[in-house]
Structure formats: structure tokens, C-alpha cells
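Q: Heads up: the sequence shown begins at 53 in the numbering used here, then just goes up one per residue.
What follows is a structure written as C-alpha cells; I'll ask about it next.
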Amino acid sequence: MKELYLKDKLRPDLKKSFLLKKQDKVASKFILVIISSLLLFEVFSGALRYYFSQWGMSYIIYLPKIACFIAVVLKIIRLKIKNFIPIIALVFSILVALFNSAVFSNIAFSFFVYSPVIFGILYGKYIEIKQKEVLFIVWICLIASIFGIFLDSTTDLPWKGFVYNIGDIEVQANRQWQTFGEDRIAGFSRISASLAIMIAIFSLYINAYLRSNLLRFLLFGITFYSIILTTNKSTVVSYLISLVAYFLFQKRSALKGIFYSITAVGVFLPVLGIFLEYSINTRGLSTLTKTLLFSFDDRLTNTWPNFYENVLSHNGLFWGTGLGTIGTPYSTFPIKDLPAIKGYSLGVADNTFLYLWGIFGVIGVWLYTRFYWLMKKLAISHYNFSVALCCISVCVCVISWTTDIFEAVVSSLFIGIAISRAIGKHKIASL
């Protein structure tokens, strides 16, 4: 296979930039520690929550994210803001949230939830400097994730289905559920879907640095089999599409078509259920096929239409319901004036396009369509780092069809790093 990228080489403009600024080595190491702890704590989330709870130290699980949040705050304080439009949009969204009876806890917790993606955007260049060290950590995470699948398949893990309390809030250390009567494997993590997404992202990152085609195809095979064992259907599809994008990396028109198509599908899928009232016809289909399509059909007929109606009923068509009113911030700190409709609340959108629209309205629609710009921008460069981030962005974009990706630490972090790489100040040819 013809090599698609430049190996083990730092971007010349980035190297020059850091020499000129005399970046503090301690700061770079500190950032590496944060990203390493974020990834490792997420991979071992289920096990760590169980043992920390047993030892009466439940709050330790949040330390990496707290460090990430603090790093974001420190960076923002030092930023020289030249474009105030994003700040104005953010303030407006907060005001909309307050109008919808959100409280300080909702807004503050939303910044905590989104700190990984912001961290990736603000510190992406530092992470690129340490990309070899990050690669080493990703290798550890992938091996641990696969080993976790093996253990979960052969033994009874003590954290399986474990639930504990932090104050008055009940927290799942690990979700225990089944498909076809079989446990959905989560390994050391909290949930099978998160494990599948992490394995796909780690594999795509490592692939960009492999020199042997034999190792590359071995990695693909092990990754694909591991994802199948988690029974997460959307990640299987996203990983396959990401591999297609990788093998077509030099076919610019085909690659551009993939980027456009997967972004458009992310918008079009919820439209099927909301406006066309489309439902999957399962007549004549086997029991296995019906079961595989059940969760998707539930989104088409229930989750997406009810989420849309909920936002619309609070005059959120153009400006959403505001920051802190959607997803985990809502689930953790429920808002009485934004009740559930038919049992479906604003805590879950199960589609990132709807998720962003629900928060920011038309600005959220624009933000989601920037997925196309992000992937196109990353595909211009053939450096390992850009190739890895481009394939990961393709994977995450497809996963976003049925997932709120900014709620997941690993996908959120890598999308932030990808954005940082795409907006970096360097000259690149147009696609």
C-alpha cells in the first residue's frame, strides 16, 4: 500500500512557532498528564468507580476532568479575544437558558461536561508536540480495552451493574444490559457503547502511525471483532466507513463525497422521524433483524420527534432552550419548567445534530454542518497526526447520527484536538 502521509515528522511551522515562543516544558508535560489521565480514567471508568466507592473516595474519579476544567479556565483567562461573536452567542444562549428556568448549576455543569472538547481546542498544539507520547498512551488504552472485553466475556466482574450514590445523586458505575439474552460487554468501562467508541478511536489513531500493512490489517481485524463483541451497531458502521475513508484518502473527489454524505445523513435521519413520520416496516423480517433495528426505530418514532416537540414547545425553534438545558446537565439538575413529553425528556437527544439545535437553535445547525469543513480541512495534510484526526472525525461524525457525542469524554476530546489542528495557522492547499 502506498504511504499516504509523512512519518514521524512534526509540522515545520508548529516547531518554529514553539521555538519562537520558548514554550515551557513543564506546561507541555502538565498537559500530557491531563490527557493521559482523562483517557486512562475513561477506559477504566467502571472499575475505578467501583473501587473508589468501596474505599469511600468516589470523587477521585472526577479529578482528571476537574484538572481539564481548570486548565481550560486558566487558558481562557489568558486569551486575547479578537472575535467577540462566539462570546456574544454564548452569553445569549445562557440568557435563553435562564429564561427557561435553568439555574447556575445547569450552566456551570455544562461547562464541566464540555471541558474535554474545549481543552482539545485550546491545547491541541501542545498535544501535537507530544503526539508520540500520546500514541504510547493510546496503545495502552486500546490493549486494556480489548483485555477488558476478554475478562468480561470469561469472568464475573465485581463492578458489573454496580450503582452508588454521590450525595443525593445515584450514579451507575457500570450499566448491565443485554442483547439477544447476552450481556453487552463493557469491560473496564461503564457502558458497552462507550467501550466500542473508544476502541474505534484508539485504533484509528494508532493506524496512522503504523508502517507495516500486515500490522495494519491485523489491527483492523482485532478492532472490528472487539467492537462486534460490544454489540454496538452504530460503531461497527462508523468504523467501516472510517476505513473506507482511509483507503480513499488520495481520491479527493470520493473523499469529499464521503464527508458531505455522512454530514447530510446526520441531519436527514431525525428529519425522517420528525417531519415525515417515517417508521421502519419490519414485516417479513427475521427476529434478529427486528431486534437490530428496534433501537433505531425507537429513535425515529419516539426519541427524536418527542425531543423536537419538547424544544419547540418552549419556543426554541430559532435559539434553542439554552446552555445547560440539554443532556447530562439537565439529567443531573432537572428543570421543572422543562418537563418530559410522553416520558422523553431533554436529557437525551440521541443525535448530535438535534442536540446542538436543542441548545443553540439555528447556530447549532450551523455548528453541526461544520463537520464537513472539519474533515475536509484535515484531509488536506498527509501528516500522521492529520490523517489520524481526519479518520477519527469521520468515525465520530457517523456515531453522531445516533449519539450525543459531546457527552462522551474520548470522542469530545479528539474532536476538540481535530478542530485545533484544522484552525491552526499554517498554509495548506485547498481540497
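Ideal Cβ positions, reconstructed from N, Cα and C, are used throughout, including at glycine.
(1) Rounding to the nearest angstrom, what Cα-Cα distance links F466 and W356 in this structure?
(2) Suppose you measure from the CA of G200 to the CA of I140; what does that come to, to the nearest Å?
(3) Flag this pair as yes or no: are the beta carbons of I294 and T275 separated by less than 8 Å?
(4) Quick check on DSSP: helix, strand or coil for V400?
(5) Once the 5 residues before and after K479 are set aside, which same chain residues still bring their CB inside 6 Å of it?
(6) What residue range does the alpha helix (DSSP H) around V448 cover?
(7) Does the separation of the CB atoms of A252 and I280 fall below 8 Å?
(8) Count the other CB atoms within 10 Å of the CB of K61; is the residue buried (16 or more) or exposed (fewer)?
(9) When the distance is taken between beta carbons, is F164 closer than 8 Å to K127?
(10) Where does S33 land, buried or exposed, given buried means 16+ other C-beta within 10 angstroms?
(11) Would a C-beta distance cut-off of 8 Å place G401 and D349 closer than the cut-off?
(12) Just curious, the beta strand (DSSP E) that N217 is in, first and last residue?
(13) Among I237, A260, V143, F121, which one has its Cα closest to the Cα of H434?
(14) Do M427 and V446 come within 8 Å of each other at the CB atom, strictly closer than that value?
(15) Give me whichever residues DSSP pairs with I393 in a beta bridge.
(16) For I221, write down the residues that DSSP places opposite it in a beta bridge.
(17) Give the straight-line distance between the Cα atoms of I87 and I258, rounded to the nearest whole angstrom.
(18) Exposed or buried, Y111, counting other C-beta atoms within 10 Å across all chains shown (16 or more means buried)?
(19) Q106 to T421, Cα distance in whole Å?
(20) Can you tell me where the alpha helix (DSSP H) holding V155 begins and where it ends?
(21) Enumerated in chain order, which unbroken segments of the alpha helix (DSSP H) with a length of 4 residues or greater are wholly contained in the region 231-277?
(22) Cβ atoms of S145 and G374: under 8 Å apart, would you say?
(23) Since F161 contacts T384 with CB under 8 Å, what's their CB separation in whole angstroms?
(24) Can you tell which of G372, T207, L266, Y178 has its C-alpha closest to the C-alpha of R473?
(25) Look at the alpha carbon of L267 and the alpha carbon of G98, and state the distance between them as a whole number of angstroms.
(26) For K54, collect the residues of the same chain with a Cβ closer than 7 Å to its Cβ; drop the 5 residues on either side in sequence, then sort them by chain order.
(27) Where do the N-terminal and C-terminal ends of the alpha helix (DSSP H) with F370 fall, by residue?
(28) Just how far apart, CA to CA, sit N158 and A248?
(29) Any heavy atom of the ligand NAD inside 7 Å of the beta-carbon of T282?
(30) Between the C-alpha atoms of K212 and A225, what's the straight-line distance to the nearest angstrom?
(31) Please state whether the Cβ-Cβ distance between F412 and G372 is less than 8 Å.
(32) Would you kindly work out how many angstroms separate the C-alpha atoms of S286 and I314, rounded to a whole number?
(33) If you measure between the beta carbons of F320 and Y424, is that distance less than 8 Å?
(34) How long is the line joining the alpha carbons of F346 and G108, rounded to whole angstroms?
A: The structure says:
(1) Walking along the sequence shown from the start, residue 466 turns up at place 414. Walking along the sequence shown from the start, residue 356 turns up at place 304. Answer to the nearest angstrom: the Cα atoms are 26 Å apart.
(2) Counting from one through the sequence shown, the residue named residue 200 turns up at place 148. Counting from one through the sequence shown, the residue named residue 140 turns up at place 88. Looking at the two C-alpha atoms, the distance is approximately 45 Å.
(3) Locating residue 294 in the sequence shown gives position 242, counting from the first residue. Locating residue 275 in the sequence shown gives position 223, counting from the first residue. Before going on, a small fix: residue 294 reads as Ser here, not Ile. Not closer than 8 Å, so no.
(4) Translated into positions along the sequence shown, residue 400 becomes position 348. Three-state DSSP puts V400 in coil, outside helix and strand.
(5) Start at 1 with the first residue of the sequence shown, and residue 479 comes out as number 427. Note on K479: pLDDT 38, under 50, position unreliable in the model; no value is reported.
(6) Taking the first residue of the sequence shown as 1, we reach residue 448 at position 396. It spans 436-451 - the alpha helix (DSSP H) in which V448 sits, taken as one unbroken run.
(7) Translated into positions along the sequence shown, residue 252 becomes position 200. Translated into positions along the sequence shown, residue 280 becomes position 228. Their beta carbons are not under 8 Å apart, which means A252 does not touch I280 by this criterion.
(8) Here residue 61 is taken as the residue at index 9 of the sequence shown, counted from 1. Below a pLDDT of 50, predicted positions are generally treated as unreliable, and K61, at 48, falls in that range; no measurement from the model is reported.
(9) Here residue 127 refers to the residue found at position 75 when the sequence shown is read from its first residue. Here residue 164 refers to the residue found at position 112 when the sequence shown is read from its first residue. For K127 and F164, no; Cβs fall outside 8 Å.
(10) In this structure the chain extends from 53 to 483, so residue 33 is not present and cannot be described.
(11) Counted from its first residue, the sequence shown places residue 401 at position 349. Counted from its first residue, the sequence shown places residue 349 at position 297. At residue 401 the sequence reads Ala, which differs from the Gly that was named. Contact: no.
(12) Numbered from its first residue, the sequence shown carries residue 217 at position 165. Run containing N217: 215-218, per the beta strand (DSSP E) assignment.
(13) If you number the sequence shown from 1, residue 434 lands on position 382. The shortest Cα separation from H434 among I237, A260, V143, F121 belongs to A260.
(14) In the sequence shown, counting from the first residue as 1, residue 446 sits at position 394. In the sequence shown, counting from the first residue as 1, residue 427 sits at position 375. Yes.
(15) In the sequence shown, counting from the first residue as 1, residue 393 sits at position 341. I393 is bridged to Y396.
(16) For this step, residue 221 is matched to residue 169 along the sequence shown. DSSP lists I218 as partners of I221.
(17) Position 35 of the sequence shown, counting from 1, holds the residue named residue 87. Position 206 of the sequence shown, counting from 1, holds the residue named residue 258. Roughly 16 Å between the two C-alpha positions.
(18) Numbered from 1 along the sequence shown, position 59 holds the residue referred to as residue 111. Result: exposed.
(19) The count along the sequence shown starts at 1 and reaches residue 106 at position 54. The count along the sequence shown starts at 1 and reaches residue 421 at position 369. Roughly 44 Å between the two C-alpha positions.
(20) Within the sequence shown, the letter at position 103 stands for residue 155. Looking at the DSSP string, V155 is not in any alpha helix (DSSP H), and its letter there is neither H nor E.
(21) 244-259
(22) Walking along the sequence shown from the start, residue 374 turns up at place 322. Walking along the sequence shown from the start, residue 145 turns up at place 93. Yes, they are a contact pair.
(23) Sequence index remark: in the sequence shown, residue 161 carries index 109 (1-based). Sequence index remark: in the sequence shown, residue 384 carries index 332 (1-based). Their Cβ separation, rounded to whole angstroms, is 6 Å, which keeps F161 and T384 in contact under 8 Å.
(24) Within the sequence shown, numbered from 1, the residue matching residue 473 stands at position 421. Selected option, being the one with the closest Cα: Y178.
(25) Translated into the one-based positions of the sequence shown, residue 267 becomes position 215. Translated into the one-based positions of the sequence shown, residue 98 becomes position 46. So the two alpha carbons sit approximately 30 Å from each other.
(26) Against the sequence shown, residue 54 aligns to sequence position 2. Confidence at K54 is low in this model, with a pLDDT of 49, below 50, so its placement is unreliable and no value can be given for it.
(27) Numbered from 1 along the sequence shown, position 318 holds the residue referred to as residue 370. Element bounds for F370: n/a, residue is neither H nor E.
(28) As a first step, residue 158 must be located in the sequence shown, where it is residue number 106. As a first step, residue 248 must be located in the sequence shown, where it is residue number 196. Their backbone Cα atoms lie some 29 Å apart in a straight line.
(29) In the structure on display, the ligand NAD does not appear, and there are no ligands present to speak of.
(30) Against the sequence shown, residue 212 aligns to sequence position 160. Against the sequence shown, residue 225 aligns to sequence position 173. Looking at the two C-alpha atoms, the distance is approximately 8 Å.
(31) For the purposes of this step, residue 412 is taken as residue 360 along the sequence shown, with counting starting at 1. For the purposes of this step, residue 372 is taken as residue 320 along the sequence shown, with counting starting at 1. Taking 8 Å as the Cβ cut-off, F412 and G372 qualify as a contacting pair.
(32) In the sequence shown, residue 286 corresponds to position 234, counting from 1. In the sequence shown, residue 314 corresponds to position 262, counting from 1. S286 and I314: Cα-Cα distance of roughly 13 Å.
(33) Walking along the sequence shown from the start, residue 320 turns up at place 268. Walking along the sequence shown from the start, residue 424 turns up at place 372. Result no, Cβ atoms of F320 and Y424 do not sit closer than 8 Å.
(34) Numbered from 1 along the sequence shown, position 294 holds the residue referred to as residue 346. Numbered from 1 along the sequence shown, position 56 holds the residue referred to as residue 108. Roughly 40 Å separates the two Cα atoms.
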